[in-house]
Amino acid sequence: MKIGAAAKASGVSARSLRYYEDEGLIVPGRFSNGYRDYCQSTIDRVAVIRSLLESGLPVRLVRELLPHLGAGSVCSEFVDEVEQYRDRLARRVAVLTAQQAALDEYLREVGRIA
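In numbering that gives the first Met the number 0, the protein residues as written are 0 to 113.
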C-alpha cells in the first residue's frame, strides 16, 4: 500500500513513516515507479515502534530492540541500558515534581497576598 494508506492504517502521519525509514526502523518496499510500498508486516512493526516511542524510549534504543523482538531474546546489556534510561526518567520526574510543588506554593502565597 502507498504511504497515505499506510499512514491511515498505522495511525501515524506520512511524515512519521518517512522519519522511521530515515532512522532505519522500517524498510518499505518500492513500486516500480519508486513509490514506497508498505506491507502489513511493516504496518504491524510501526505499531510496535509507536508503542515503544510513546513509552519514552529514544529512537536509538528502539532501533537496537527491534531485531530482538521476534526472536524473544534481548541481551542483558540492552535491558541494563533500558533500566538506566528508566532511572534517568524517574530522576527527571522527581525534579519536575519538586518544581511543580514549588510553583504551587508560590501561587498559594501570591493568592494570599493579592
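Every residue gets a Cβ at the ideal spot worked out from N, C-alpha and C, and that includes glycine.
In this text the structure is predicted, and so the values were computed from the model without any measurement.
- Annotated as proximal: VAL45 and TYR19, with beta-carbon spacing under 8 Å.
- In this structure, the straight-line span from the alpha carbon of LEU106 to that of GLN99 is close to 10 Å.
- Beta-bridge partners of ARG35 (DSSP): ARG29.
- For LEU24, the three-state secondary structure derived from DSSP is coil.
- The beta carbon of ASP36 sits closer than 8 Å to those of MET0, LYS1, PRO27, GLY28, ARG29 and PHE30, all from its chain and outside the five residues before and after it, given in chain order.
- For the 8 Å CB-CB criterion, LEU24 and ARG49 do not form a contact.
- For GLY3, the uninterrupted alpha helix (DSSP H) segment begins and ends at 2-9.
- Looking at the backbone, the Cα of THR41 and that of VAL58 are separated by about 17 Å.
- The DSSP-derived three-state label of SER50 is helix.
- Secondary structure of GLY110 (DSSP, three-state): helix.
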